Amino acid sequence: MIHSSAKIHPTALVEEGAIIGEDVVIGPFCIVEGSVEIKARTVLKSHVVVRGDTVIGEDNEIYQFATIGEVNQDLKYKGEATKTIVGNANRIREHVTIHRGTIQGGGVTRIGNNNLLMINVHVAHDCQIKNNCILANNATLAGHVELDDFVIVGGMSAIHQFVIVGAHVMLGGGSMVSQDVPPYVMAQGDRARPFGVNLEGLKRRGFDKPTMHTIRNVYKMIYRSGKTLEEIIPEIEQIAETDSAISFFTDFFKRSTRGIIR
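The numbering of the sequence shown is this note's numbering, which starts it at 7 and goes up by one.
Right under this line is the structure:
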């Protein structure tokens with residue numbers, strides 16, 4: 007079903023059965039095939055390919071030669087029915103690839119809202135990117151990676167399978183990340199190491215000084231106290247009872263399975 011207000015270039019190929027919403031623009035030489043739904047006001051510039059069981063939300067801008075919902079590169083994948091879901095108001099730049107999920111990984115690759123994926127970014131099967139993230143040019147996420155809100159991934163960085171990157175993390179360019187990164191941390195290197203709290207990012211997002219001070223104290227507990235995580239986590243949970251910003255740490259440690267960067 008194609009909404010009457012949608013604008014589809016004569017050279018674009020839109021397979022029968024695709025759902026194209028109000029004021030969607032599909033530019034020259036785009037290909038839309040499979041069980042695809044593209045919601046209101048999303049724009050496919052040109053030469054964009056959208057395949058499979060894929061839902062793209064409202065107000066997205068998708069630039070030339072991006073591919074969304076293509077068959078993933080997991081060698082175990084045998085064509086099972088899996089999904090790709092993209093939220094609202096994302097900017098997906100040239101040559102970005104976002105692959106569909108796998109049965110073993112939950113079946114869905116998911117992008118949230120208000121994210122910027124710069125040129126040549128790769129998002130592998132079963133990745134979960136939340137909201138307001140920035141992935142700079144040539145950043146690569148392996149399968150099952152999770153990015154929480156407001157993560158910045160520097161250019162030419164790579165993140166290992168199953169790694170979790172906590173909210174408000176800043177990863178410097180060229181980082182090779184093989185373990186989980188706690189919230190609010192700045193990290194860089196091969197292998198990525200912590201270099202303090204992302205204070206500038208927190209200031210830009212309106213965090214007040216007392217909250218930033220508490221976050222820095224928790225960072226010091228994790229990295230400078232000499233205690234194990236088993237000893238520290240109950241202390242962090244106690245702080246989180248009176249400071250909601252610290253709850254990001256407690257949620258992160260409940261999900262973390264690969265150990266944290268050191």
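Yeah, the Cβ is synthetic: ideal placement off N, Cα and C, and Gly gets one too. Just so we're clear, the structure is a prediction, and the values are computed from it rather than from any experiment.
Contact between H166 and A148 holds: CB atoms are separated by about 6 Å, below the 8 Å threshold. Scanning D29, H150, A24 for the CA closest to the CA of A12 turns up D29. For V171, the closest of M162, V114, K136 by C-alpha to C-alpha distance is K136. The alpha-carbon separation between L19 and P188 amounts to approximately 44 Å. The Cβ neighbour count for V129, taken over all protein chains shown within 10 Å, is at least 16; the residue is labelled buried. For Q244, the enclosing alpha helix (DSSP H) covers residues 235-246. Following the DSSP letters along the chain, one finds E76 inside the beta strand (DSSP E) bounded by residues 73-76.
Here the alpha carbon of K45 sits roughly 23 Å from the alpha carbon of I125. Of the residues G111, D257, D80, G179, the one whose Cα lies closest to the Cα of I140 is G179. If the five residues before and after N204 are omitted, its C-beta is found closer than 6 Å to the C-beta atoms of H174, M176, Y190, M192, all from its own chain and listed in chain order.
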